[in-house]
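Chains as they are written, first to last, in this note's numbering: chain A, 59 to 285; chain E, 324 to 607.
One structure is given here, and the rest of the page talks about it.
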């Protein structure tokens, strides 16, 4: 049989393809399994959080902070429940990271508050003595790019069918509304004002009230949503 | 020759000797074959420009190993792996279970020193980012745990807003911390009366006579005449007792300073007690 294959290069190529494709199937098929579906309660990022996520990527937070809690007692003690595949369903791209110069942030919303983040990002050593994290003061004045975040949300909604403007959990209400850019921006400003007030910084509150969202507010909204 | 008494060393020595003898033997055999060996056996029919090939059957041992590997592969693929698959989460669950059992037996009856040590460790990891390494609350960013409890502004704020109304936390009338007495309603006192009680309570239940009188009529029915909360019916206003720390850790807290997140499920009962012991030691 094999000598016949050697004399028929076309069928030999088909055989080689099947053998190699099998290895591919082993790696690809599990990704479609149930455990990779969004976990119950997983929701896509709203506009403000998505913009905050873009700030997170832009300032390379993922170079020092991971977002993946491994199933070891030492990690779950410090960071909380280990991460599940389905929790990353709406992460494009995922931000698992590969190096922990700083701590893991996958559930940071459970144990830090808006004002803590603001203090920490303004001057890390003021709350964590000995911290080597740099200050991110430019985030307090830079304006968040909502347009790009909105374009991203609309794109994933249309191309990947991400459930914006849909009732995900079946309670008859729309879970993550998006709508037109004006509607989404108004909603983002409302949420941003709440976060800005929680930070207890008057400059941030004033900036949001004037219709601009500082990057730090979007980033904190994103971090608070990591649970 | 002391090292030879160890049987692992003996085994290693034996192995080294075997490898040496085998190497010498095999080398000798091949050198001999190169020198004296003659080609023998039956030639195959094909030849390429006069260069032929002997008919060599594959060695029996090799063939058996090859077939054995295929059989094992089929068994492993269809039976062995699916039935006896390694599970990382399973290993994690066992690790946690074994650790909890060890933890509980080791700290079944901790002494005060044990609790202080454990409490300091837990505090530094979980609490110090907001309350500060020294417990002073980092210049008002969080509750100052080194001082004797609540200050005047905090008491006034709770009297004005009630215990559940700060922030948007709704606890079904349970109050923020889930004490049996339930939610403290807003506006029990106002104006100068509230200030008097606030001064009295913040001063460690002394000083302001008018405040003391008003406290007994307005607050004592839940928080107790001495302010210790009637054995856990309502929050203790005098010191950080175990129940208060456990309740704040479980429910989190919204107050005039800001929001403390809930640490529910992150600490064991012994650890909560240890943190309470450590926090009390800060104000001593």
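C-beta: ideal position from N, C-alpha, C; glycine also.
Remember, predicted model here, so these are calculated numbers, not experimental data.
Quick check on the DSSP output: the beta strand (DSSP E) that includes residue i runs from which residue to which?
{"i": "residue 367 of chain E", "result": "366-371"}
{"i": "residue 376 of chain E", "result": "374-377"}
Pull up the distance between the alpha-carbon of residue i and that of residue j, whole angstroms please.
{"i": "residue 603 of chain E", "j": "residue 282 of chain A", "result": "30 Å"}
{"i": "residue 490 of chain E", "j": "residue 132 of chain A", "result": "The pLDDT assigned to residue 490 of chain E is 48, lower than 50, so where the model puts this residue is not dependable, and the model offers no usable value."}
{"i": "residue 346 of chain E", "j": "residue 123 of chain A", "result": "53 Å"}
{"i": "residue 527 of chain E", "j": "residue 561 of chain E", "result": "7 Å"}
{"i": "residue 71 of chain A", "j": "residue 84 of chain A", "result": "20 Å"}
{"i": "residue 175 of chain A", "j": "residue 256 of chain A", "result": "10 Å"}
{"i": "residue 74 of chain A", "j": "residue 67 of chain A", "result": "10 Å"}
{"i": "residue 492 of chain E", "j": "residue 505 of chain E", "result": "Below a pLDDT of 50, predicted positions are generally treated as unreliable, and residue 492 of chain E, at 49, falls in that range; the measurement from the model is reported next regardless. Each residue's Cα considered, the two are about 14 Å apart."}
{"i": "residue 419 of chain E", "j": "residue 592 of chain E", "result": "16 Å"}
{"i": "residue 115 of chain A", "j": "residue 230 of chain A", "result": "34 Å"}
{"i": "residue 129 of chain A", "j": "residue 417 of chain E", "result": "11 Å"}
{"i": "residue 464 of chain E", "j": "residue 403 of chain E", "result": "57 Å"}
{"i": "residue 495 of chain E", "j": "residue 581 of chain E", "result": "Bear in mind that the predicted position of residue 495 of chain E carries a pLDDT of just 49, short of 50, making it unreliable; the figure below should be weighed with that in mind. Between residue 495 of chain E and residue 581 of chain E, the C-alpha separation is close to 21 Å."}
{"i": "residue 392 of chain E", "j": "residue 333 of chain E", "result": "33 Å"}
{"i": "residue 563 of chain E", "j": "residue 82 of chain A", "result": "59 Å"}
{"i": "residue 373 of chain E", "j": "residue 363 of chain E", "result": "17 Å"}
{"i": "residue 481 of chain E", "j": "residue 261 of chain A", "result": "28 Å"}
{"i": "residue 575 of chain E", "j": "residue 209 of chain A", "result": "37 Å"}
{"i": "residue 77 of chain A", "j": "residue 272 of chain A", "result": "54 Å"}
{"i": "residue 449 of chain E", "j": "residue 535 of chain E", "result": "37 Å"}
{"i": "residue 269 of chain A", "j": "residue 248 of chain A", "result": "10 Å"}
{"i": "residue 351 of chain E", "j": "residue 329 of chain E", "result": "33 Å"}
Do residue i and residue j have their C-beta atoms within less than 7 Å of each other?
{"i": "residue 503 of chain E", "j": "residue 556 of chain E", "result": "yes"}
{"i": "residue 197 of chain A", "j": "residue 86 of chain A", "result": "no"}
{"i": "residue 533 of chain E", "j": "residue 543 of chain E", "result": "no"}
{"i": "residue 605 of chain E", "j": "residue 469 of chain E", "result": "yes"}
{"i": "residue 447 of chain E", "j": "residue 601 of chain E", "result": "no"}
{"i": "residue 254 of chain A", "j": "residue 202 of chain A", "result": "no"}
{"i": "residue 191 of chain A", "j": "residue 160 of chain A", "result": "yes"}
{"i": "residue 474 of chain E", "j": "residue 525 of chain E", "result": "yes"}
{"i": "residue 280 of chain A", "j": "residue 155 of chain A", "result": "no"}
{"i": "residue 246 of chain A", "j": "residue 266 of chain A", "result": "no"}
{"i": "residue 378 of chain E", "j": "residue 361 of chain E", "result": "no"}
{"i": "residue 484 of chain E", "j": "residue 509 of chain E", "result": "yes"}
{"i": "residue 466 of chain E", "j": "residue 579 of chain E", "result": "no"}
{"i": "residue 252 of chain A", "j": "residue 204 of chain A", "result": "no"}
{"i": "residue 181 of chain A", "j": "residue 258 of chain A", "result": "no"}
{"i": "residue 95 of chain A", "j": "residue 285 of chain A", "result": "no"}
{"i": "residue 521 of chain E", "j": "residue 479 of chain E", "result": "yes"}
{"i": "residue 523 of chain E", "j": "residue 531 of chain E", "result": "yes"}
Could you check whether the Cβ of residue i sits closer than 6 Å to any heavy atom belonging to the ligand MN?
{"i": "residue 225 of chain A", "result": "Inclusion of the ligand MN in the displayed structure is not the case, the ligand content being empty and no account of it being possible."}
Skipping 5 residues on each side, what residues in its chain have a beta carbon closer than 7 Å to that of residue i?
{"i": "residue 211 of chain A", "result": "105, 108, 222, 236"}
{"i": "residue 79 of chain A", "result": "none"}
{"i": "residue 276 of chain E", "result": "Nothing about residue 276 of chain E can be reported from this structure: the residues present for chain E run from 324 to 607 only."}
{"i": "residue 486 of chain E", "result": "498, 499, 506, 507"}
{"i": "residue 199 of chain A", "result": "272"}
{"i": "residue 325 of chain E", "result": "none"}
{"i": "residue 134 of chain A", "result": "127, 140"}
For the alpha helix (DSSP H) holding residue i, just list the boundary residues, first then last.
{"i": "residue 114 of chain A", "result": "105-116"}
{"i": "residue 412 of chain E", "result": "411-429"}
{"i": "residue 213 of chain A", "result": "204-217"}
{"i": "residue 521 of chain E", "result": "514-525"}
{"i": "residue 362 of chain E", "result": "Looking at the DSSP string, residue 362 of chain E is not in any alpha helix (DSSP H), and its letter there is neither H nor E."}
{"i": "residue 594 of chain E", "result": "592-605"}
{"i": "residue 453 of chain E", "result": "451-454"}
{"i": "residue 393 of chain E", "result": "383-398"}
{"i": "residue 460 of chain E", "result": "460-463"}
{"i": "residue 248 of chain A", "result": "239-257"}
{"i": "residue 35 of chain A", "result": "Nothing can be reported for residue 35 of chain A, as the shown portion of chain A is limited to 59 through 285."}
So, for residue i: in the same chain, excluding its five sequence neighbours on each side, which residues have a beta-carbon less than 6 Å away from its beta-carbon?
{"i": "residue 162 of chain A", "result": "124, 127, 137"}
{"i": "residue 529 of chain E", "result": "none"}
{"i": "residue 338 of chain E", "result": "none"}
{"i": "residue 459 of chain E", "result": "467, 469"}
Can you give me the Cβ contacts of residue i inside the same chain, cut-off strictly under 8 Å, excluding the 5 residues immediately before and after it?
{"i": "residue 121 of chain A", "result": "155, 157, 159"}
{"i": "residue 232 of chain A", "result": "223, 224, 225"}
{"i": "residue 177 of chain A", "result": "184, 185"}
{"i": "residue 430 of chain E", "result": "437, 441, 593"}
{"i": "residue 501 of chain E", "result": "494, 570, 573, 574"}
Decide yes or no for the touch test of the region 563-582 of chain E against the region 514-528 of chain E: beta carbon pairs closer than 8 Å, at least 3 of them. no
Would you call the region 583-593 of chain E in contact with the region 158-177 of chain A, where contact means no fewer than 3 C-beta pairs closer than 8 Å? yes
Okay, do the region 137-147 of chain A and the region 92-105 of chain A touch, 3+ Cβ pairs below 8 Å being the bar? Note that the region 137-147 of chain A touches the region 92-105 of chain A; at least 3 beta-carbon pairs, one per stretch, sit closer than 8 Å.
Pair every Cβ in the region 172-192 of chain A with every Cβ in the region 450-464 of chain E, then say whether three or more of these pairs are closer than 8 Å. yes
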